[in-house]
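Participant:
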Amino acid sequence: MTTAPGLVVVGGSIAGVRAVEGARAAGYTGSITLITTETHLPYDRPPLSKDLLAPNGTLEPPTLRDEAAWDELGANVRTGVTATGLDPVTRVVHTSAGDVPYSSLVITTGGEARRLPGALTMRSYADAKYVRSALDNARRVLVVGAGFIGAEVATAARARNLEVIVIDAAPLPLGRAVGDIGGEALVAVHRAGGVDLRLGTTIVAQGPGGVTLSDGTSIRPDTVIAGIGAGPATSWLAGSGIALHDPTGAVVAATTLATNLPDVWVAGDAAIIDGELGQHWVAAADQGRIAGMNAVSPEPQVWSGVAFAWSHWYGHRIQYVGECRGDEDVFLAGESVSGVILTRAGDRFAGALAIDGPGDAAKARRLIAAGTSWADALESYSAVPSLVE
């Protein structure tokens, strides 16, 4: 008598953890193996740049489940094992520790940080420890990238009263995600935080004498830290026949998280659904849960989440919901740099960027999920007609 190989989850991301939990919640009683290249049990990534980098932050990885909790789930977590290939014909995942057979497979390998020569990078727990040590021993820091990771690194540096220069090749921080008005609002947050923000600026030379920037200036930072985005960690799938999106390299998935290969699902930063990359914690967690359930259930569920991301910059809470680039923006200003920016797409309420407005962000999630019209959204936020341009 042979035992079915069971469910295999490749990737120790939040999507991977939720996939295991989702499978058990669906009533699956078979074997589950989770493979992660990390040497630690799966941990939560957002606290790395938010909490661990803080001057008095914890030095331990923010583990999502301890060993007892994994035992309770009946899951075999194999740490320090890297997936190197996939054979969908024989239903085997090739790894650095040998082949792992599967009955159903969920891919949750997440993303890989884009690297910049000569700079530290923030992605893993190991990265965070290096960055923290660098900040603890620096006076002047150059941060490359004015988006979420760059801003959180800069926030940690300013909390140590360091001199911080933040550069970004783009004309506005997160401009492609939040639009021009949203980008300008984030410029104000950066500058209120006491950093030297230089937009449309790149590194043109770097050596023992310092760093030369495209604005013609030269600086001598004690450390350079890059937060310039990430791409899907899917190179191990080359030659497997799985459909990969060009040019991102993400695994193409249906709204059920199914791929073009039989009994193979994908979730989180490694996936692209309807042409959209999620690459945020909330989407990854929800997709992982649904992928895990669908991998073991005959009746698939559909993922239809509203995009949501959050961050903390220089003591300010930043949240964005939905699609923050559209046909029209309305900025409802609050005190200092705070406020909420509402976005219209056609006649519907599409997105919101909230600065120090958690209630505004929560309301936006509810309204967007309900398909609220633009007019009704403005009324809900008490936006006066003169603000609509």
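If you count the sequence shown from 1, position 260 lands on 259 in numbering that gives the first Met the number 0, and the numbers rise without skipping. By construction, the Cβ of each residue, glycine as well, lies at the ideal position given by its N, Cα and C atoms.
Out of curiosity, what's the CA-to-CA distance linking D50 and G370?
Facilitator: Along the sequence shown, one-based indexing puts residue 50 at 51. Along the sequence shown, one-based indexing puts residue 370 at 371. One C-alpha to the other measures close to 35 Å.
Participant: Please check the pair A18 and A266, which I expect to be a contact at CB under 8 Å, by giving their CB distance rounded to whole angstroms.
Facilitator: If you number the sequence shown from 1, residue 18 lands on position 19. If you number the sequence shown from 1, residue 266 lands on position 267. Contact holds; Cβ gap of about 6 Å.
Participant: If we count the other Cβ atoms within 10 Å of its Cβ and call it buried at 16 or more, is N55 buried or exposed?
Facilitator: Counted from its first residue, the sequence shown places residue 55 at position 56. N55 should be labelled exposed.
Participant: With respect to 7 Å, is the separation between the Cβ of L331 and the closest non-hydrogen atom of the ligand PLP below this value?
Facilitator: Because no ligand of any kind appears in the structure shown, any question about the ligand PLP cannot be addressed here.
Participant: Thinking C-alpha only, which one of R157, A22 and G182 is nearest D167?
Facilitator: What you label residue 167 is simply residue 168 of the sequence shown in a count that begins at 1. Of the candidates R157, A22 and G182, the one whose C-alpha sits nearest the C-alpha of D167 is G182.
Participant: Kindly provide the ranges of any beta strand (DSSP E) runs that are 3 or more residues long and lie completely inside the stretch 222 to 303, ordered along the chain.
Facilitator: 222 to 225, 229 to 231, 250 to 252, 263 to 265 and 270 to 272
Participant: In three-state terms, what does DSSP make of T201?
Facilitator: Position 202 of the sequence shown, counted from the start, is the residue given in the question as residue 201. T201: coil per DSSP, three-state reduction.
Participant: Does DSSP classify G321 as helix, strand or coil?
Facilitator: On the sequence shown, position 322 is the one that residue 321 refers to. When DSSP states are grouped into helix, strand and coil, G321 belongs to the strand group.
Participant: For the stretch 36 to 101, list the alpha helix (DSSP H) runs that are entirely contained and at least 4 residues long, ordered along the chain.
Facilitator: The qualifying runs are 66 to 72.
Participant: Decide if D359 is buried, meaning its Cβ has at least 16 other Cβ atoms within 10 Å, or exposed.
Facilitator: Walking along the sequence shown from the start, residue 359 turns up at place 360. D359 should be labelled buried.
Participant: Quick one: what's got a C-beta closer than 7 Å to V295's C-beta in the same chain, skipping five residues either side?
Facilitator: Taking the sequence shown and counting its residues from 1, one reaches residue 295 at position 296. Hits under 7 Å: L6, A22, A25, Y27 and S103.
Participant: Pick from V223, W264 and L243: whose alpha carbon is nearest that of A156?
Facilitator: Within the sequence shown, numbered from 1, the residue matching residue 156 stands at position 157. V223 is the residue among V223, W264 and L243 whose C-alpha sits nearest the C-alpha of A156.
Participant: From S385 to V320, what distance separates their C-alpha atoms?
Facilitator: Along the sequence shown, one-based indexing puts residue 385 at 386. Along the sequence shown, one-based indexing puts residue 320 at 321. At S385, the pLDDT of 36 sits below 50, so the modelled position is not reliable; the number obtained from the coordinates is stated separately. Just so you know, the alpha carbons of S385 and V320 end up roughly 24 Å apart.
Participant: Report the partner residues of V8 according to the DSSP bridge assignment.
Facilitator: The residue labelled residue 8 in the question sits at position 9 within the sequence shown. Assignment of beta-bridge partners to V8 by DSSP yields L33 and V105.
Participant: Mapping DSSP to helix, strand and coil, what is R343?
Facilitator: Counting from 1 along the sequence shown, the entry for residue 343 is found at position 344. It is a strand residue.
Participant: Does the stretch 190 to 200 come close enough to the stretch 83 to 102 that 3 or more CB-CB pairs lie under 8 Å?
Facilitator: no
Participant: Starting from A125, follow the alpha helix (DSSP H) in both directions and report where the run begins and ends.
Facilitator: In the sequence shown, the residue the question calls residue 125 occupies position 126. DSSP places A125 in the uninterrupted alpha helix (DSSP H) bounded by Y124 to D135.
Participant: Using only CA atoms, which one of P246, I227, G228 and A169 lies nearest to S234?
Facilitator: Sequence index remark: in the sequence shown, residue 234 carries index 235 (1-based). From the listed residues P246, I227, G228 and A169, the smallest Cα separation to S234 is found for P246.
Participant: Can you check which of these residues, D214, R219, T200 and G215, is closest to P207 by C-alpha distance?
Facilitator: Numbered from its first residue, the sequence shown carries residue 207 at position 208. Taking only the C-alpha atoms, the option nearest P207 is R219.
Participant: Where does A118 sit, in a helix, a strand or coil, going by DSSP?
Facilitator: The sequence position of residue 118 within the sequence shown is 119, counting from 1. DSSP places A118 in coil when its eight states are reduced to three.
Participant: To the nearest angstrom, report how far apart A351 and T35 are at their CA atoms.
Facilitator: The residue given as residue 351 occupies position 352 in the sequence shown. The residue given as residue 35 occupies position 36 in the sequence shown. Separation of A351 and T35 (C-alpha to C-alpha, rounded to the nearest whole angstrom) is 35 Å.
Participant: For S310, count the other beta carbons within 10 Å of its own beta carbon; 16 or more makes it buried, fewer makes it exposed. Which is it?
Facilitator: On the sequence shown, position 311 is the one that residue 310 refers to. Buried, because 16 or more other Cβ atoms sit within 10 Å of the Cβ of S310.
Participant: So what does R316 bridge to, in DSSP terms?
Facilitator: Numbered from 1 along the sequence shown, position 317 holds the residue referred to as residue 316. According to DSSP, which records beta bridges pairwise, R316 is partnered with H311.
Participant: Could you tell me the alpha carbon to alpha carbon distance between E275 and V336, rounded to whole angstroms?
Facilitator: For the purposes of this step, residue 275 is taken as the residue at position 276 of the sequence shown. For the purposes of this step, residue 336 is taken as the residue at position 337 of the sequence shown. Approximately 30 Å, taken between the alpha carbons.
Participant: State whether the stretch 237 to 257 contacts the stretch 268 to 285, with contact taken as three or more CB pairs (one from each stretch) at a distance under 8 Å.
Facilitator: yes
Participant: For the stretch 62 to 77 against the stretch 133 to 150, do three or more pairs of beta-carbon atoms, one drawn from each stretch, fall closer than 8 Å, so that the two count as touching?
Facilitator: no
Participant: Note down the Cα distance separating G240 from L260, rounded to an integer number of angstroms.
Facilitator: Start at 1 with the first residue of the sequence shown, and residue 240 comes out as number 241. Start at 1 with the first residue of the sequence shown, and residue 260 comes out as number 261. One C-alpha to the other measures close to 8 Å.
Participant: Excluding the 5 residues flanking H189 on each side, which residues of the same chain have their C-beta closer than 8 Å to its C-beta?
Facilitator: Indexing the sequence shown from 1 puts residue 189 at position 190. Within the same chain, H189 has close Cβ partners A145, A150, A153, V165, P172, L196, W312 and Y313.
Participant: Whole angstroms is fine: what's the gap from A169's alpha carbon to A184's?
Facilitator: Here residue 169 refers to the residue found at position 170 of the sequence shown. Here residue 184 refers to the residue found at position 185 of the sequence shown. One C-alpha to the other measures close to 15 Å.
Participant: Under the rule that 16 or more other beta-carbon atoms within 10 Å means buried, what is S48, buried or exposed?
Facilitator: By 1-based counting over the sequence shown, the position of residue 48 is 49. Classification of S48: buried, given that the 10 Å Cβ count is 16 or more.
Participant: Terminal residues of the continuous beta strand (DSSP E) containing T154?
Facilitator: As a working note, residue 154 is residue 155 in the sequence shown. No beta strand (DSSP E) contains T154, which is instead part of the alpha helix (DSSP H) from F147 to A158.
Participant: Taking the continuous alpha helix (DSSP H) assigned at V177, which residues delimit it?
Facilitator: For the purposes of this step, residue 177 is identified with residue 178 of the sequence shown, where counting begins at 1. V177 -> alpha helix (DSSP H) spans G174 to A191.
Participant: For T1, is the classification buried or exposed, using 16 other Cβ atoms within 10 angstroms of its Cβ as the cut-off for buried?
Facilitator: Residue 1 sits at position 2 when you count from the first residue of the sequence shown. The predicted position of T1 is uncertain, since its pLDDT is 44 and thus under 50; no value can be drawn from it.
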